[in-house]
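Remarks on the structure that follows.
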Amino acid sequence: MKRLFTTAALAALLAGPVSAETLKLVEVITSPQRTETLKGIVAEFEAANPGTTVEIISLPWGEAFQKFATMVSAGDIPDVIEMPDTWVSLYAGNGLLADLSPYLAEWEHTDDLSERAVALGQVDDKPVMLPYGFYLRAMFYNKDLLAEAGVEEVPTTIDEFRAAAEKVSALPGKAGYCMRGGPGGLNGWVMFPATVAGDNVFFDEEGNSTYDSEGWVEGLTWFIDLYKDGLAPKDSVNWGFNEIVAGFYTGQCAFLDQDPDALIAIAERMKPEQYGVTTFPKGPSGKAFPTIGYAGWSLMEPSEHKDLAWKLIATLEGPEGNVPWNKMTGALPALKSAENDPFYQSEAFKGWFDELADPDVEPTTMPTWLEEFAFFKDSLAISSGQKALLGEITPEELAAEWADYLTKAQQKYISQ
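Each residue of the sequence shown is one higher than the one before, counting from 2 in our numbering.
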């Protein structure tokens, strides 16, 4: 017995202790449903990697930018971060995002990534974020409200959109457009003005912002007038995501420009025959410029467990993680093979896939390469945009303020 014990002890000593590692993952675009789905995928990763524990930290989206910046400033850096497109340049510029090239070169699913995913995840030609999906804006419309207002055809141009919004707004207690004047509302301030102007270029060759150009000012005025003329609910000046989606599915307003993630709440509360999704309305140029956003996973520097952290990202991004994740979040998947899933071939997704196939629809990517863009989107654009909607500043003053800020940021970027 003593000899057996000695042999067993020697074997255990030679084998070494069982490895126990903890990874820290931060999610920033949060909801109870998203967190539960994430926990399920992470549980599968932990089961496949015995001894590994993943600590999930969920930051509320409205406060995520500041809370995560505070974490990083305090040296509390996670291994993996859910990285919104608007944050990438800021953290990549500070050297906090790892180059994923060595991992992607050997990953079995790299060839299944869409070309857009590969391109958008790069900063200075290095993949520092792996997008899990895309948030492309299309136009929801309430069939019942349009019929009640006497709108016979779904609008295909912004003039038709305005006319339909006027008819719906003439109904007691109804409004044409669910405007997002509060957090996350920058998309509307980009899509409609660009469509009116017929151009979605943010800067000229010298790095000057186009926001104060004649076409963009005209577009900003057009957008502001939607609110001033009562074609959006009065309190929509403060609305964020939850409010605009609720405004649509409760029948308060007839039109909602949103990503596929809005389908989650809308499909639960409206029958398929009550609503539809169509392409973003086109402007005088015959083109439309809906915004396309994205988010993904980044490996942060420094991490003591880089290889293991990459395995977690690979689990989240592989077919068994990416497809169920995007089905729940409503994003268009980053994997090409996912488009063959029956879920994405349903009628509900037709508007977005029509946009992607329409040569006169040019998805607009925000200038997320600017380190200053996150502040512009999450703070400056909200405060000054609300002032313009309320008539406290003119469209020209708004355009001048935004152009000045973005020009300085772009010229700083060029100089570096």
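No residue lacks a Cβ here, since even glycine has one placed at the ideal position from N, Cα and C.
Run through DSSP, which three-state label would residue i get?
i	result
I58	strand
G134	strand
G386	helix
P476	With the chain covering only 2 through 417, there is no way to say anything about residue 476.
I394	coil
K127	strand
A16	In this prediction, A16 has a pLDDT of 37, which is less than 50 and means its spatial position is unreliable; what the coordinates show is noted afterwards. Note: A16 maps to helix in three-state DSSP.
Q411	helix
N50	coil
K272	coil
G252	coil
F141	strand
E154	coil
S429	Absent from the structure is residue 429, since the part of the chain shown begins at 2 and ends at 417.
K288	coil
K293	One detail in the question is off: residue 293 reads as Ile in this sequence, not Lys. Three-state result, I293: strand.
Q417	coil
T23	strand
G246	Note on residue identity: the sequence assigns Val, not Gly, to residue 246. Residue state, collapsed to three classes: helix.
G489	Residue 489 lies beyond the stretch modelled for the chain, which goes from 2 to 417, so this question has no answer here.
E28	strand
A400	helix
P194	helix
D200	coil
D260	coil
P33	helix
P282	coil
Would you mind stating whether residue i and residue j have Cβ atoms separated by less than 8 Å?
i	j	result
F281	D258	yes
L187	A382	yes
A310	P85	no
L300	L26	no
W420	L317	What is shown of the chain runs 2 to 417, which leaves residue 420 out entirely.
L390	V238	yes
K144	Y276	yes
M180	L137	no
L105	P79	no
P396	I265	no
D234	G252	Correcting the residue identity first, residue 234 is Pro in this sequence and not Asp. No, the pair does not count as a contact, with Cβ atoms beyond the cut-off.
D308	V324	no
F242	G185	yes
L172	A150	yes
V29	L60	yes
T38	M329	yes
P291	A139	yes
K378	T196	no
K229	G392	yes
E116	W298	no
S210	A404	yes
L146	V119	no
P364	I293	yes
Y414	W370	yes
Compute the beta-carbon to beta-carbon distance between residue i and residue j, rounded to the nearest angstrom, for a pair I have assumed lies under 8 Å.
i	j	result
C254	Y178	6 Å
L91	E372	5 Å
G52	A21	5 Å
K40	I57	7 Å
V55	L24	5 Å
Q387	G182	6 Å
P194	L232	About 16 Å; that fails the 8 Å criterion.
D213	A401	5 Å
G189	V278	Between V278 and G189 the Cβ distance is about 17 Å, and since that is not below 8 Å, they are no contact.
G174	A198	Contact flag wrong, Cβ pair sits at about 34 Å.
With burial defined as no fewer than 16 other Cβ atoms inside 10 Å of the residue's Cβ, what is the status of residue i: buried or exposed?
i	result
G331	buried
T408	buried
A289	buried
G76	exposed
V202	exposed
R270	exposed
Q34	exposed
P360	exposed
Q67	exposed
T36	exposed
A12	For A12, the predicted structure reports a pLDDT of 37, less than 50, and the residue's modelled location is therefore unreliable. A value from the coordinates is still provided. Flag for A12 reads exposed.
S416	exposed
K283	buried
D125	exposed
D200	buried
A315	buried
Mind checking if residue i is an interface residue toward chain B, Cβ cutoff 8 Å exclusive?
i	result
A21	The chain inventory of the structure shown lacks chain B, comprising one protein chain alone.
Considering only residues of the segment 59-111, which uninterrupted beta strand (DSSP E) runs meet the minimum length of 3 residues and lie entirely inside it, listed in chain order?
81-85
Pick out the complete beta strand (DSSP E) segments inside the segment 156-192, 3 residues or longer, and give them in chain order.
176-178
So within the segment 203-244, which uninterrupted alpha helix (DSSP H) runs reach at least 4 residues, ignoring any that extend past its ends?
215-229
Whole alpha helix (DSSP H) runs in the segment 342-371 with 4 or more residues, listed along the chain?
351-358
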